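Below is one structure; the comments refer to it alone.
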Amino acid sequence: RSSSKEFNILISKNGKVSFKEKTIASEAVAPVEHNRHKQYIIPEGKVIEPLVDMGIFTKEGKVINAMYDKYKQINRLIEIIDDSVKQTNAKKLNVIDFGCGKSYLTFIVYYYLTQIKKIDATIIGLDLKKDVIEKCDLSNIEAIHSRAEEGGKNPKYREQYDIACARAVAAMPTLLEYCT
Numbered sequence: 001r002s003s004s005k006e007f008n009i010l011i012s013k014n015g016k017v018s019f020k021e022k023t024i025a026s027e028a029v030a031p032v033e034h035n036r037h038k039q040y041i042i043p044e045g046k047v048i049e050p051l052v053d054m055g056i057f058t059k060e061g062k063v064i065n066a067m068y069d070k071y072k073q074i075n076r077l078i079e080i081i082d083d084s085v086k087q088t089n090a091k092k093l094n095v096i097d098f099g100c101g102k103s104y105l106t107f108i109v110y111y112y113l114t115q116i117k118k119i120d121a122t123i124i125g126l127d128l129k130k131d132v133i134e135k136c137d138l139s140n141i142e143a144i145h146s147r148a149e150e151g152g153k154n155p156k157y158r159e160q161y162d163i164a165c166a167r168a169v170a171a172m173p174t175l176l177e178y179c180t
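Mapping of the sequence shown onto the numbering used here: position 116 corresponds to residue 116, and the numbering continues sequentially without gaps.
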């Protein structure tokens, strides 16, 4: 076979040999990848410590196959925050993260705001579990041990934040007491 012709040698039952030459119509080359590659806000291929600690990224910054759904979920959270950030055009933001737990997602939000968006961000992580708060290495994020309902009544925290992140910790009206 060549790029424009196909050659066939045929042998019949009687042993007769024949030779055929056929011109090939040029074939359209099908694209190798039919799905477009999704552009995530939190990029793969860059080492992001909270994602490595969570077991989502390898130490080389690649997504672990079994954790790809979690990686997409984290990026969806960041996309939602990104929509809010785009509306503000702010250079400085105060963020509160309710139910911050071990603060992995809080660190990712901090990374997104400071490293990707280049925004001066102050983040408060609020969690009910005191032992979790004490174990966190929060050099750039303040952690508060409190119930969301109690903290919202404290004038120090009430109506102080531009963005509030919550994952099933309290009723929305309670959480909104923190936002300006």
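All residues carry an ideal CB built from backbone N, CA and C; glycine is no exception. These figures come from a predicted structure and were not determined experimentally.
- Secondary structure note for Val85: its alpha helix (DSSP H) is the uninterrupted segment Tyr68 to Thr88.
- Looking at the backbone, the Cα of Lys59 and that of Met67 are separated by about 14 Å.
- Of the residues assessed, Thr88 falls on the exposed side of the cut-off, its CB having fewer than 16 other CB atoms within 10 angstroms.
- Spatial neighbours of Ser4 in its own chain (CB-CB distance under 7 Å, excluding positions within 5 residues in sequence) are listed in chain order as Thr23 and Ile24.
- Your pair Pro173 and Tyr104 does not check out as a contact, with CB atoms roughly 27 Å apart and the cut at 8 Å.
- For Glu149, the enclosing alpha helix (DSSP H) covers residues Ala148 to Gly151.
- Lys72 and Gly45 have their C-alpha atoms spaced approximately 14 Å apart.
- The three-state reading of DSSP puts Asn154 in coil, since its state is none of H, G, I, E or B.
- Of all C-beta pairs linking the region 80-99 to the region 155-168, three or more are shorter than 8 Å, placing the two stretches in contact.
- Thr58 sits in coil when the DSSP states are folded into three classes, being neither helix nor strand.
- The residue from Leu10, Ser12 and Glu6 with its alpha-carbon nearest to that of Glu21 is Glu6.
- According to the DSSP assignment, Thr23 belongs to the beta strand (DSSP E) that extends over Val17 to Thr23.
- When the five nearest sequence neighbours on each side are left out, the beta carbons in the same chain lying within less than 7 Å of the beta carbon of Ala121 are those of Leu93, Val95, Tyr110, Leu113 and Thr114, in order along the chain.
- If you draw a straight line from the Cα of Lys153 to the Cα of Glu177, it comes to about 8 Å.
- The beta-bridge partner set that DSSP reports for Phe107 is empty.
- Residue environment analysis places Asn75 among the buried positions, since at least 16 neighbouring C-beta atoms fall within 10 angstroms of its C-beta.
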